[in-house]
C-alpha cells in the first residue's frame, strides 16, 4: 500500500513535470525576438534583390500554412499537446521542412546516446575508482599524483582540451581523422570499426574531462567517510581492509555518485554541442543548436521535450530504485 | 596485499589505454582500408601516383576537395530545390548539378546563356512576350533530352503550386510560359520585363529558378517530393553522400559533352569533386595545411596568415598584400533606420560619416586589407570602371549645405603609407595600382566639421559626451551579426570605437542570424552593420530596386525592400529614376547615367554609409590541383559557393601529386 501511494505520488509529479516542461517549451520560443517565417523571408530577401510586397505576403502565407503556424496561440498550443501526447508527433522541422522532427531526433539520438552514454559510464567508473583510491590512501604518493592530475584536468575548458587532442592525434601525429566520417550504410564489422575509430577522439575527450569531476568528488566523499566513527569501529573490530572498504566506505560514498550518474544519464539527451561541432559528430546537440539559431519552433520543442522526458524519467527511476540501493530509505 | 590491489587498478587503467591505442592503430588508414563509405570504396579505382585515397574512397589525385560553407547538412536526401529544408545550393548542388538559364561573367559584368542558347528577346508585335532558345543536345544525367519542354514545365509547375514559396515570385512576374518547339521557350509577363534574364538567371550567387526534368517531376507533388536522387543538368552527378550530411561526392558525367559547360568550355578536370564540411575554422586550416582540402571558403585574415606561413602551396587571390579578393558584389557599411527622428536626419548621418576614422576602421576590421567605397555600389573592378573612377571629379566638387567639401581622395596613398610603416611588404607601387586595390577615396575624418553639423541640428557636447536636442545623452546601438559575416561584425565594433571617441555612447548588439534578419526587416534597430548595396553588372538597377519608395512599410512590419525606411524627396527622385531604369534594357546607354544620378542622391543623403567592399579570403592549396583563378589568372573571381563554379572545372588540372 505504502509503495502504491509512493508510486502514484511520484508518477503524478513525473507527469506534471513533463506537462509543465512541454508547456514552457511551447511558449518560450514564441516569445523569442525572432520568428521562423519572418527570419526565412528575411534571409531569402537578403539573397535575392527585391520582391513585391504581394509576393512576400503570398510566401508568408504559404510558409505559415506549411509550418502549421496558423491560428491563435491557444489553438496551436492545444494542437501541439494533442499531437505530442497521443501520436508523439512534433510536426515537421521548419528549417528542414518537410522532414518530421521525430525522424531527425530518431536519426541523431542513437549517436548521442552511444557516445555520451558510454563515455559517461566509463568516466564514472574510472573517476570513482581513482577517487576511492585517492580518498582512502590519502597519504600515498600515487594518490596525490592521481588526485593532482584530476584537479589539473578538471578546470581545463573542454574546447581547449578537445582541440589539443585534435592537434595532437589528428594533425601532429595523424593517427585519427581530422574530420570524422561515419559510415552508417549498414551494420557490418567494417562499418562498426569505422564508427569506433572515428569515435575514439570525441569519447576520449569526454572521458578525460568527465573523469576529473568524479575523481574530485569521490576523493572527498571517501576521505570523509573513511574518517567516520563507524569505519574506525569496523577497523577496530579487526575487519580486514578490503571488507572495510567494500562494506563500509564504498556503499556510503557511492550513493550520491549513483544519483549524479542517473541525472547525468538523463542530461545526455541534450547532446554535447561542442563535441559535435569539434569532432563533426552527428548528435542531438547540434540539432538543438540549429533549432534555436533558426527559431525552428518544432525542432526546439521536439529536442527539448525529449530531454525533459529523459531527465524526468531518470529521476523517477532513481526515486523508485533508491530504496533498493539504500535500505535506510523507505517508501514514505 | 595492498600492492596487489594497486597492481590490479593499474592493470585496469593500462588495459584501457591499450584498448584505445589498439583501436586507433588497428584503424590506421591505408589506401584500401580508409574510412570509406558507400559504393565508391567497393569499386576499383585507377591508381593515383602516390596511391593516396580520400576518406570516401576516391583517388586523391583525381578528387577536388571543397569546403562546404553551410557546414553540416541536416537532411542530405532532400534535393527538392523548392522546399525550405533542401540541401543548400552551395553544398555543390548549384555549383555542379543544376544548370541555370543564364549565368554571370563577373569579370565583364555580363550575363551569358547557360542552359539557354540566347538571351530573352521581346517578340515584335506581341505585348510583354519574350522568347529564348535552349542549347541543342543537352541531356539530363539519365540520358533524357533536356529542352524547352522542361523549362516550360518548371515555370508552370511553380505557377500552379501554391505551396512552393518561389512560386509566388514567378506568379508575380510571369503570366504564362510554353515551349513553342523543342528549343524555343515563350514567356508572357504581366508587364514589360526588359531584365527578365536577371530575374530568372544568375546575377549574384545563384538564382531561385532551377529547371527540373519533366519526365521525373510530372507525376510528383512538388511540395512533398524529396528528389533524393537528383538528375543533373550540370557536368557532374551525385555519386555518394554522407548520411550524416558532412559530405557530398560528385562524379564527372561520362556524357559531359551533353552539358552547357562541356559544349562551351570543355571537359571538366577533376573526375571527382568532394564537398565536405571540416567543422571549425581551426580544423579547416589544419586540413588545408595538410593538403586535405583544396578550396577553402571564407576564413579570417588571421587564419590566412597561419595557412600562408605553414603551407607554401596555399594561394590567395593576390600573391602579396592584400591577398584577399575584393570584387565581392556586396559592400559593407552602416545603415540607419530613417524612420527614427534622429537617424532620419541626413545631416546627422553626414556628421557620423565625418566622425568615422576610416583608416583606423580598416585596420581594426581586416588589417587594412579593404577597398573603400563612397558610393552606393560595391567597388568591384567593373563598377569602379563604370562609376567610382568616373565620379571622382564630381565627388571632389560635392559640397554639403554649408559649402564644405567632404571628399578625401588620399585614402589609398595614406593607408599604403601606414601599412609600409607597419612593415607590410608587397604593396602596390603606382598610383593607379594603389587606387585599384584600395579604392578612389572616402570622406574626410573631420570631427570639427561633424561637430559643426551636429551643433546646427541642436546637438550639444559637454565633457566629451554628445547630448541630443531633447537634452538626453546620445546613446546609440549598432546591430551586428554574431559569429557570422565576420567582416560586418568586426566593422560594427571598429565604427563604434570611432564614434565613441567622438562622444556618442555607442554599443554593439550582436544577434544570431534569425533575430538579426528579423530586426533588420522590421526596422527594429537604430543603426546596423548591413550590406544593402550590391551590384555586379554596370546595370545594377535591379540590385538598387529595393530602395524604391513603394517598399516602405511601417516599422514593425516585414519590409519587402527599403529596410532603412528611407523616404523623402531624395528617395522620390531615386524611385522615379529606378522606375525608368527598370523599363530599359541593360545595354541602353541611359542606364549608366541614370545609376550615376542615383549614386549622387545617395551621397547627398547617406541612408546607408558605404565603407568597404567585401574582402574575401577564400584560398586554395595547389598540391593536387592547378589552374585556379587568381589576380594573375582572372578568367573569373574565386566564387566557390556560386553556381558558376561548374565553369571553373575545365580550367583545373591535376599536378600529378
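Chains as they are written, first to last, in the working numbering: chain G, 1 to 332; chain U, 1001 to 1657.
Even for Gly, the Cβ is constructed at its ideal location relative to N, Cα and C.
For residue 1326 of chain U and residue 109 of chain G, the gap between their C-alpha atoms comes out near 44 Å.
Identification of residues in the stretch 1229-1254 of chain U having a C-beta nearer than 8 Å to some C-beta of chain G yields 1242, 1243, 1244, 1245, 1246, 1247, given in sequence order. Of the candidates U:1523, U:1244, U:1140, the residue whose Cα lies closest to the Cα of residue 1216 of chain U is U:1140. Remark: C-beta atoms of residue 1209 of chain U and residue 1620 of chain U do not approach each other more closely than 9 Å. Setting aside the 5 residues that flank it on each side, residue 162 of chain G is surrounded in the same chain by 205, 278, each with a C-beta closer than 6 Å to its C-beta; the list follows chain order. Taking a contact as a CB-CB distance under 8 Å, the pair residue 1128 of chain U and residue 1190 of chain U counts as one, their CB atoms being some 7 Å apart. Closest in alpha carbon position to residue 1314 of chain U, among U:1624, U:1212, U:1461, is U:1624. The beta carbon of residue 128 of chain G does not come within 9 Å of any beta carbon belonging to chain U, so the residue lies off that interface.
Taking one beta carbon from each stretch, the stretch 1226-1234 of chain U and the stretch 1170-1178 of chain U have fewer than 3 pairs nearer than 8 Å; the two do not touch. Under the three-state reduction of DSSP output, residue 1433 of chain U falls in the helix class. Counting along the chain, no alpha helix (DSSP H) covers residue 282 of chain G, and no H or E run does either. Interface annotation for the stretch 1060-1088 of chain U against chain G: 1072, 1074, 1075, 1078, 1083, 1084, 1085, criterion Cβ-Cβ distance under 8 Å. Residues of the same chain with a CB within less than 7 Å of the CB of residue 1389 of chain U, apart from the 5 flanking positions on each side, are 1440 in chain order. In the three-state scheme derived from DSSP, where H, G and I count as helix and E and B as strand, residue 1086 of chain U is classed as coil. Look at the beta carbons and you see the stretch 1553-1572 of chain U not touching the stretch 1358-1367 of chain U: under three pairs across the two are nearer than 8 Å.
In chain U, no part has a C-beta under 9 Å from the C-beta of residue 289 of chain G; the shortest such distance is about 10 Å. At a C-beta separation below 8 Å, residue 70 of chain G has no neighbours in chain U, since its nearest C-beta there lies roughly 14 Å away. Here residue 1090 of chain U is actually not in contact with residue 1517 of chain U; their C-beta atoms are around 18 Å apart, not less than 8 Å. Within a 10 Å sphere around the beta-carbon of residue 233 of chain G sit fewer than 16 other beta-carbons, which makes this residue exposed.
Here the alpha carbons of residue 1316 of chain U and residue 1630 of chain U stand approximately 7 Å from one another. Among the residues facing chain U, residue 282 of chain G is included, as its CB has a counterpart in that chain under 9 Å away.
For the pair residue 1643 of chain U and residue 1101 of chain U, the Cα-to-Cα distance works out to about 11 Å. The C-beta separation of residue 150 of chain G from residue 130 of chain G comes to about 7 Å, placing the pair in contact by the 8 Å criterion. No residue range can be given for residue 1060 of chain U, since it is assigned to no beta strand (DSSP E) and is classified by DSSP as neither H nor E. Excluding the 5 residues flanking it on each side, residue 289 of chain G has same chain C-beta neighbours closer than 7 Å at 273, in chain order. DSSP places residue 1563 of chain U outside both helix and strand once states are collapsed to three, so it counts as coil.
For residue 1145 of chain U, DSSP records a beta bridge to U:1139. Neighbours of residue 294 of chain G across chain U, judged by C-beta separation under 8 Å: 1513, 1514. With a contact defined as Cβ atoms closer than 8 Å, residue 1236 of chain U and residue 1273 of chain U qualify at about 6 Å. In terms of Cα proximity to residue 128 of chain G, the closest of G:254, G:193, G:307 is G:254. Within the stretch 208-229 of chain G, no residue has its Cβ closer than 8 Å to any Cβ of chain U.
Of all residues in the stretch 169-193 of chain G, the ones placed with a Cβ closer than 9 Å to any Cβ belonging to chain U are 169, 170, 171, 174, 175, 176, 177, 178, 179, 180, 181, 182, 183, 184, 185, 190, 191, 193, in chain order. Note: residue 1129 of chain U is bridge-paired with U:1188 in the DSSP secondary-structure output. Residue 298 of chain G is positioned such that its CB atom lies no closer than 9 Å to that of residue 175 of chain G.
When DSSP states are grouped into helix, strand and coil, residue 1640 of chain U belongs to the coil group. Contact between residue 1269 of chain U and residue 1654 of chain U holds, with the beta-carbon distance rounding to 7 Å and staying under 8 Å.
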